[in-house]
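Structure first, then comments.
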DNA sequence: TTGAAAGCGTTACCAC
DNA sequence: GTGGTAACGCTTTCAA
């Protein structure tokens with residue numbers, strides 16, 4: 002393994018000078034710089050990142066904490082992060098989170114500059130204790146798709162998204178609109194589903210429509226679960242004419258159940274999802290599009306900026322635009338509801 | 002930042018002893034061990050991984066080189082890798098590859114123990130020069146979904162998969178079976194598509210069926226491209242009665258084109274894909290299932306084993322089983338072909 | 001503009 | 001069993 006000392010010897014200079022060349026310090030004469038570069042070339046020298054990191058107190062690594070398995074949308078966001086980091090000099094370390102223990106473990110261990118120079122936390126609202134530790138750790142943090150006091154965040158206006166979806170169905174003439182989303186007390190504390198539900202409830206209320214208890218269902222974020230929950234809803238004698246699902250994954254489960262129940266979408270049932278993941282365009286799903294890839298990129302860029310500026314970002318909040326994408330799973334209700 | 006020296010001072014022992022406790026060396030008395038552990042607890046000490054890595058010559062990190070953007074299947078494989086590494090003590094560094102330059106850069110830079118203790122390379126056949134460098138670098142490597150002389154690999158029998166798909170269509174009575182796959186000269190050298198094509202051609206030949214030139218189409222691995230290529234095929238007056246696509250992504254493009262052309266699947270056209278990614282079950286796609294998640298896990302476990310054994314794996318090849326999953330996009334051809 | 005040398009926080013070897 | 005002390009390979013200050 003060729004070290005900086007080898008290069009120094011080969012070039013006939015001191016190790017310090019080689020280091021200066023490596024970190025292109027201006028205070029090196031052109032001639033020595035050339036000599037050093039030549040030696041580096043000849044010896045095929047590459048600096049040891051560990052040694053460099055130990056010496057400088059940082060490790061050229063960005064940690065990305067992500068519930069990699071739970072949400073389909075996380076992958077698309079991660080792609081955006083990867084894209085942004087591609088051109089940077091930082092390596093990306095992936096920390097998967099499936100349980101709160103998992104999460105807190107990462108949060109504690111990662112708040113040190115020798116672990117990661119910056120942290121990007123996806124969809125996970127840090128619990129207060131972790132948040133304090135994170136905020137005061139000196140390691141720049143960006144929250145993506147969650148919020149925390151004192152920490153910058155790239156967020157989606159999920160409440161507004163819920164309104165958008167619901168209003169769309171109302172505009173089509175629906176009055177019995179159901180909602181299907183995550184369990185409110187999901188272990189990792191994902192909040193997007195309940196925010197979307199809030200937008201839904203609010204919009205229903207302003208339209209003077211009551212939400213029947215049986216028209217709101219919750220379950221783990223899995224297609225099969227959404228399918229089963231929907232089956233129950235559709236089995237009732239007077240079923241809703243439209244369902245707003247808190248995510249595309251769940252909306253696909255809804256569609257599956259509708260198909261299984263012999264219903265034609267959108268004639269017998271309208272369905273709206275949320276996210277616009279890749280499958281959705283194929284499935285012809287009407288959905289609230291949020292720029293997943295872009296949000297990942299934006300968050301990563303934010304982190305890079307704060308790293309470059311060597312100063313923490315404030316509590317700034319960056320919000321990306323939502324857009325209703327109308328495809329072929331929504332239409333006016335075929336029959337006027339019994340209440341009419 | 003609390004260091005090993007602080008712990009040593011607090012416990013009234015030498016730094017070496019603390020280190021021994023950390024790496025649970027047997028040669029520490031129970032009493033001192035307890036004292037040291039207490040000090041660690043009180044001071045909330047965590048070893049600096051950089052320093053540890055520098056000293057020991059490895060960094061507790063595994064590099065995963067993956068064409069993250071190009072193939073949907075890569076994500077599912079990556080999930081398997083993440084799952085396997087979750088319980089290990091290794092961090093996962095993600096290296097995205099989109100171009101050959103990208104790829105070679107990673108291959109050169111990652112063949113050092115101070116970068117990664119092991120390397121998992123997904124779907125990328127290393128060029129000979131890189132391969133030599135990799136094989137002799139001393140860094141354990143596992144290839145996933147590609148092969149290389151002297152390097153262990155977890156692979157899929159793509160040729161057999163191609164046979165499976167084609168035979169299924171033949172068994173249903175099809176004779177005009179088309180193939181749609183990646184460009185043979187794709188820049189990163191993915192080989193799965195052409196292997197699947199080989200299985201297809203071989204099976205057609207043994208069945209005594211000629212493959213018409215226009216019945217084999219190639220293009221970049223993108224759904225929209227597959228759709229357009231299919232449109233061209235279906236526009237011809239005597240079109241094939243079945244299409245075998247080299248991946249589910251491409252098969253979805255085929256389905257889209259069929260729908261756009263007003264054809265009913267499987268009545269007017271049978272479609273078989275490859276991979277069985279998550280979407281496929283939703284789309285009801287008949288496909289050749291390969292255990293993507295499982296392959297990722299297997300490859301990662303292999304790497305961990307070789308790391309634990311501190312000896313390089315041989316050129317062993319690990320092959321996972323394929324399985325034809327018949328869903329609703331294949332059926333007997335409606336009309337007997339013109340040749341009949 | 002440059003070299004020498006002192007860290008950075010561990011581990012591992014060598015005495016005791 | 002345990003403490004002292006070289007490494008590990010780099011950056012950075014201090015002198016010159």
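Residue numbers (this note's numbering), protein chains in the order written: chain Y, 2 to 341; chain U, 2 to 341. By construction, the Cβ of each residue, glycine as well, lies at the ideal position given by its N, Cα and C atoms.
Residue i and residue j closer than 8 Å at C-beta
i: residue 240 of chain U; j: residue 261 of chain U; result: no
i: residue 153 of chain U; j: residue 143 of chain U; result: yes
i: residue 182 of chain Y; j: residue 133 of chain Y; result: no
i: residue 85 of chain U; j: residue 305 of chain U; result: yes
i: residue 295 of chain U; j: residue 81 of chain U; result: yes
i: residue 192 of chain U; j: residue 178 of chain U; result: no
i: residue 286 of chain U; j: residue 228 of chain U; result: no
i: residue 246 of chain Y; j: residue 215 of chain Y; result: no
i: residue 160 of chain Y; j: residue 199 of chain Y; result: yes
i: residue 297 of chain Y; j: residue 145 of chain Y; result: yes
i: residue 230 of chain U; j: residue 330 of chain U; result: no
i: residue 51 of chain U; j: residue 55 of chain Y; result: yes
i: residue 358 of chain U; j: residue 333 of chain U; result: With chain U represented from 2 up to 341, any question about residue 358 of chain U goes unanswered, as that position is not in the structure.
i: residue 278 of chain U; j: residue 77 of chain U; result: yes
i: residue 96 of chain U; j: residue 65 of chain U; result: yes
i: residue 126 of chain Y; j: residue 147 of chain Y; result: yes
i: residue 252 of chain U; j: residue 204 of chain U; result: no
i: residue 258 of chain Y; j: residue 266 of chain Y; result: no
i: residue 124 of chain Y; j: residue 72 of chain Y; result: yes
i: residue 110 of chain Y; j: residue 138 of chain Y; result: no
i: residue 151 of chain Y; j: residue 316 of chain Y; result: yes
i: residue 323 of chain U; j: residue 290 of chain U; result: yes
i: residue 254 of chain Y; j: residue 284 of chain Y; result: no
Given residue i as reference, the closest of the options once Cα atoms are compared
i: residue 1 of chain Y; options: Y:77, Y:270, Y:76, Y:277; result: This structure gives no information on residue 1 of chain Y, because the portion of chain Y shown stretches from 2 to 341.
i: residue 40 of chain Y; options: Y:51, Y:60, Y:18; result: Y:18
i: residue 189 of chain U; options: U:105, U:253, U:116, U:203; result: U:105
i: residue 326 of chain Y; options: Y:203, Y:281, Y:314, Y:301; result: Y:281
i: residue 303 of chain U; options: U:202, U:89, U:125; result: U:89
i: residue 13 of chain U; options: U:205, U:99, U:37; result: U:37
i: residue 201 of chain Y; options: Y:317, Y:185, Y:170; result: Y:170
i: residue 292 of chain U; options: U:8, U:321, U:266, U:309; result: U:321
i: residue 102 of chain Y; options: Y:74, Y:68, Y:116; result: Y:68
i: residue 59 of chain U; options: U:114, U:15, U:27; result: U:114
i: residue 87 of chain Y; options: U:91, U:46, U:74, U:70; result: U:70
i: residue 63 of chain U; options: U:197, U:283, U:244, U:122; result: U:122
i: residue 209 of chain U; options: U:176, U:23, U:22; result: U:176
i: residue 276 of chain U; options: U:307, U:309, U:158, U:184; result: U:158
i: residue 197 of chain Y; options: Y:164, Y:184, Y:221; result: Y:164
i: residue 48 of chain U; options: U:3, U:10, U:27; result: U:3
i: residue 274 of chain U; options: U:117, U:34, U:29, U:180; result: U:180
i: residue 1 of chain Y; options: Y:248, Y:33, Y:10, Y:11; result: Absent from the structure is residue 1 of chain Y, since the part of chain Y shown begins at 2 and ends at 341.
i: residue 319 of chain Y; options: Y:149, Y:263, Y:42, Y:221; result: Y:149
i: residue 44 of chain U; options: U:20, U:213, U:8, U:335; result: U:8
Partners in chain U for residue i, counting only beta-carbon separations shorter than 8 Å
i: residue 110 of chain Y; result: 47
Contact list for residue i against chain Y, beta-carbon separation under 8 Å
i: residue 134 of chain U; result: Result: empty, since nearest Cβ-Cβ is about 11 Å, beyond 8 Å.
i: residue 76 of chain U; result: 76
Chain U contact residues for residue i, given Cβ-Cβ distances below 7 Å
i: residue 115 of chain Y; result: 49, 50, 51
Amino acids of chain Y, ordered along the chain, whose beta-carbon sits closer than 7 Å to that of residue i
i: residue 69 of chain U; result: 80, 83
9 Å Cβ cut-off: residues of chain Y touching residue i
i: residue 284 of chain U; result: 280, 283, 284
Where residue i meets chain U, residues with beta-carbon distance less than 9 Å
i: residue 155 of chain Y; result: Correct list: empty, because the minimum Cβ distance to chain U is about 20 Å.
Notebook entry, point to check: According to a CB-to-CB cut-off of less than 9 Å, which residues of the region 85 to 98 of chain U neighbour chain Y?
Noted result: 86, 87, 92, 93, 94, 95, 96, 97
Exercise for the section: For the region 260 to 277 of chain Y, enumerate the residues whose C-beta is nearer than 8 Å to any C-beta of chain U, in chain order. Expected result: Residues: none.
**Report entry** chain Y contacts made by the region 40 to 59 of chain U, where a contact means CB separation under 8 Å
**Finding:** 47, 49, 50, 51, 52, 54, 55
Quick one: complete beta strand (DSSP E) runs, 3+ long, within the region 79 to 158 of chain Y?
92 to 97, 119 to 123, 142 to 145, 154 to 157
* What residues in the region 232 to 254 of chain U bring their beta carbon closer than 7 Å to a beta carbon of chain Y? -> 253
**Report entry** Inside the region 227 to 270 of chain Y only - alpha helix (DSSP H) runs reaching at least 4 residues
**Finding:** 249 to 261
Which runs of the alpha helix (DSSP H) at least 4 residues long sit entirely within the region 19 to 72 of chain U? Give them in chain order.
31 to 44, 50 to 57
Practice prompt. Report the residue ranges of all beta strand (DSSP E) runs contained in full by the region 273 to 340 of chain Y; include only those spanning at least 3 residues, in chain order.
Written response: Within the region 273 to 340 of chain Y, the complete beta strand (DSSP E) runs of at least 3 residues fall at 287 to 290, 318 to 321, 324 to 326.
Check: If you scan the region 158 to 198 of chain U from start to end, which runs of the beta strand (DSSP E) of 3 or more residues do you find wholly inside it?
Finding: Fully enclosed beta strand (DSSP E) runs of 3 or longer: 178 to 182.
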